[in-house]
Amino acid sequence: MAFLLLIIPVITIKQLSAQSDLAHLLKNNVIAIETNLEQGFGIVTGERNNKLYIATAAHILKDGDKYLQSSTVKFYDDHNSYTATKLKVFEELDLALLEVAKPRNFRWEQECSRIAEYGDRVSFVGRGWQVAIGDALGTVQSTSRNYFDVHITSVEEGISGTPLIAKCGMIGIVLSDDNSEIRAINMAQIEDAFSQYSYTFTIEERCCVTDPYGQLYGCRQMPSGQIWMTENLNYETPGSICYDDENYNCEEYGRLYKWEAARKACTELGQGWRLPNQKDWFSLLASYDGFSYNKGEKDGQKSFKELTNPYGDLIFLRSGRYNRDENKDRKPALYKDKYYFEFMRTHGFYWSGTTVDSRAWSYELDGWVKTLYRARRALSTYESCRCVKE
Numbered sequence: 007m008a009f010l011l012l013i014i015p016v017i018t019i020k021q022l023s024a025q026s027d028l029a030h031l032l033k034n035n036v037i038a039i040e041t042n043l044e045q046g047f048g049i050v051t052g053e054r055n056n057k058l059y060i061a062t063a064a065h066i067l068k069d070g071d072k073y074l075q076s077s078t079v080k081f082y083d084d085h086n087s088y089t090a091t092k093l094k095v096f097e098e099l100d101l102a103l104l105e106v107a108k109p110r111n112f113r114w115e116q117e118c119s120r121i122a123e124y125g126d127r128v129s130f131v132g133r134g135w136q137v138a139i140g141d142a143l144g145t146v147q148s149t150s151r152n153y154f155d156v157h158i159t160s161v162e163e164g165i166s167g168t169p170l171i172a173k174c175g176m177i178g179i180v181l182s183d184d185n186s187e188i189r190a191i192n193m194a195q196i197e198d199a200f201s202q203y204s205y206t207f208t209i210e211e212r213c214c215v216t217d218p219y220g221q222l223y224g225c226r227q228m229p230s231g232q233i234w235m236t237e238n239l240n241y242e243t244p245g246s247i248c249y250d251d252e253n254y255n256c257e258e259y260g261r262l263y264k265w266e267a268a269r270k271a272c273t274e275l276g277q278g279w280r281l282p283n284q285k286d287w288f289s290l291l292a293s294y295d296g297f298s299y300n301k302g303e304k305d306g307q308k309s310f311k312e313l314t315n316p317y318g319d320l321i322f323l324r325s326g327r328y329n330r331d332e333n334k335d336r337k338p339a340l341y342k343d344k345y346y347f348e349f350m351r352t353h354g355f356y357w358s359g360t361t362v363d364s365r366a367w368s369y370e371l372d373g374w375v376k377t378l379y380r381a382r383r384a385l386s387t388y389e390s391c392r393c394v395k396e
């Protein structure tokens, strides 16, 4: 059997493309598989009763005219090895389903699936959980209901079972390759095959939205039923700015917007998208502990913790603001009515679409006292923006 070999360059966070950024997020979903004959990969497709279910290319388990009953699997950032048991082989699809005990504290992304489309640029997680970037990205050349083909330049001998990841989700796993041409099976076909035999498949379609410049943002449906962006908006419009006027801050934290600019930018994401109003914020925070009206109050501490949790649903950032000093008594007068950047990495300020008395409600993540509170702010202040959709 051919030994898997991927040529993947070492990367830094600043070099990540949209595809490889998502691939990093999905590393926990990727499983390394070893038998006494071959090495390959698989993906977690379901979880039940402390068991994980793994999809992989069936030929990895092939031993002559039989299939091995067990294989050794490894998880990302886990030095231990585990034994996976073969549950089912779908020989006509070259697809196999494995079962393994769930490691302690293991987490994976269930919202990760998308449909393959012609022209999709794809990345993958390969040996050593390295991520393909730059010239190593492939392109979907053709699609059908069950399979799709990818042209890729970074493969030497094979990447069986490796997930292929497009800009908004995992679109399938590799079954075979011929030099630079790869045949992969669609996620939808994997789900259909497993479902016919009532095997657990709990992967869900990943939500995403694109701005007019083609920048992609993750999104998630919350218990309230609304869809919230999981990233700060970074759509350049009049009335928006990068913190410290540095583009790299926009890339990491999104842009800061005046209120009207934020309102208009959200509507340009497509039908139904808007700047979240007070009702939207109240619905979002209902499952936490709301917010404080005054600094120092304990209300809003759980909300702060959940909204800033790096493993949470929305991951609000402490991205600072661009503020104008309205203190008419400030001395020296040089600073009066001047804009200045403040609170990067300690505080986050997010607009509400609701105005009152020529101001708008704003929600502040205060990293000093670890709480979320609400205040009315001047419409000319520059703050971060998350958009919402019913």
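Per the working numbering, the very first residue in the sequence shown carries number 7; after that it's consecutive.
The beta-carbon is built from N, C-alpha and C at its ideal position, and this holds for glycine as well.
Output the boundary residues of the alpha helix (DSSP H) element that contains residue i.
i       : result
Asn-255 : 253-259
Lys-308 : 307-314
Ser-230 : Per DSSP, Ser-230 belongs to no alpha helix (DSSP H) and is neither H nor E.
Ile-165 : Taken as a continuous stretch (DSSP letters only), Ile-165 belongs to no alpha helix (DSSP H), as it is neither H nor E.
Cys-272 : 265-273
Asp-155 : From DSSP, Asp-155 is part of no alpha helix (DSSP H) but of the beta strand (DSSP E) over 153-157.
Leu-143 : Counting along the chain, Leu-143 falls outside any alpha helix (DSSP H), and DSSP gives it neither H nor E.
For residue i, which residues does DSSP report across the bridge?
i       : result
Met-350 : Ser-325
Ser-148 : Asp-155
Leu-222 : Thr-216
Ser-358 : Ser-358 pairs with nothing; no bridge assigned.
Leu-281 : According to DSSP, Leu-281 bridges with nothing at all.
Arg-330 : Tyr-345
Leu-262 : Ile-247
For the beta strand (DSSP E) that residue i lies in, which residues bound it at each end?
i       : result
Met-235 : 233-235
Trp-367 : 365-372
Ser-289 : Per DSSP, Ser-289 belongs to no beta strand (DSSP E); it is in the alpha helix (DSSP H), 284-291.
Tyr-379 : 377-384
Ser-129 : 127-130
Cys-393 : Premise fails: Cys-393 is in no beta strand (DSSP E) and is neither H nor E.
Glu-117 : 117-119
Note down, in chain order, each residue of its chain lying with its Cβ closer than 8 Å to the Cβ of residue i, except the 5 sequence neighbours on either side.
i       : result
Pro-316 : none
Tyr-73  : Ala-64, Leu-67, Lys-92, Val-95, Ala-102
Tyr-88  : Thr-78, Val-79, Lys-80, Phe-81, Val-106, Ala-107, Pro-109
His-157 : Gly-144, Thr-145, Gln-147, Ser-186, Glu-187, Ile-188
Arg-324 : Thr-314, Phe-349, Met-350, Arg-351, Thr-352, His-353, Gly-354, Leu-371, Gly-373
Ser-368 : Phe-355, Tyr-356, Trp-357, Ser-358, Arg-380, Ala-381, Arg-382, Arg-383, Thr-387, Glu-389
Trp-279 : Val-215, Cys-272, Thr-273, Cys-393, Val-394, Lys-395
Within the same chain, show all residues whose beta-carbon is closer than 7 Å to that of residue i, passing over the 5 residues directly before and after it, in chain order.
i       : result
Tyr-388 : Ile-247, Leu-262, Tyr-263, Lys-264, Arg-327, Tyr-328
Arg-212 : Glu-117, Cys-118, Ser-119, Arg-120, Cys-174, Gly-175
Asn-56  : Ala-107, Lys-108
Phe-207 : Thr-51, Gly-52, Glu-197, Phe-200, Ser-201
Arg-46  : Reading off the sequence shown, one finds Gly at residue 46, where the question assumed Arg. Closer than 7 Å at the Cβ level, and outside the excluded window around Gly-46, lie Leu-10, Ile-39, Thr-62, Ala-63, Ile-66, Ser-166, Gly-167.
Gly-134 : none
Asn-152 : Ile-191, Asn-192, Gln-195
Gly-296 : Asp-305, Gly-306, Ser-309
Gly-48  : Ile-37, Ile-39, Ile-60, Ala-61, Thr-62, Leu-104, Gly-167
Pro-365 : Here the sequence assigns Arg to residue 365, which means Pro is not the residue at that position. If we look at Arg-365 and ignore the five residues flanking it on each side, its Cβ neighbours are Arg-382, Arg-383, Ala-384, Leu-385.
Asp-250 : Phe-347
Thr-243 : Ala-267, Lys-270, Ala-271
Arg-54  : Thr-206
Under 6 Å Cβ to Cβ from residue i, same chain only, skipping five residues before and after it: list those, please.
i       : result
Glu-210 : Gln-116, Glu-117
Leu-22  : Here the model assigns Leu-22 a pLDDT of 41, short of 50, so the residue's position is not dependable and the matter cannot be decided.
Met-235 : Tyr-223, Cys-225, Arg-392, Cys-393
Gly-70  : none
Leu-170 : Val-128, Phe-130, Ile-177, Gly-178, Ala-190
Ser-76  : Thr-89, Thr-91
Asn-42  : none
Return no unless some Cβ of chain D is closer than 8 Å to the Cβ of residue i.
i       : result
Ala-384 : Within the model displayed, chain D is absent; a lone protein chain is all it includes.
Evaluate the contact criterion for the region 214-222 versus the region 121-133: three or more CB pairs, one atom per stretch, below 8 Å.
-> no
For the region 64-82 and the region 183-195, state whether three or more C-beta atom pairs, one from each stretch, are separated by less than 8 Å.
-> no
Fully enclosed by the region 163-214, which alpha helix (DSSP H) runs are 4 residues long or longer?
-> 193-202
Say whether the region 307-322 touches the region 366-382, bearing in mind that this needs 3 or more beta-carbon pairs closer than 8 Å, one atom from each stretch.
-> Contact holds: three or more Cβ-Cβ distances are below 8 Å.
Mind listing, in chain order, the continuous beta strand (DSSP E) runs of no fewer than 3 residues lying wholly within the region 23-110?
-> The DSSP assignment places complete beta strand (DSSP E) segments of no fewer than 3 residues inside the region 23-110 at 36-40, 45-54, 57-63, 76-81, 88-96, 101-107, in order along the chain.
Cβ contact check for the region 285-294 and the region 346-355: 3 or more pairs under 8 Å = no
Would you check if the region 239-257 and the region 269-278 touch, i.e. whether three or more CB-CB distances between them fall below 8 Å?
-> yes
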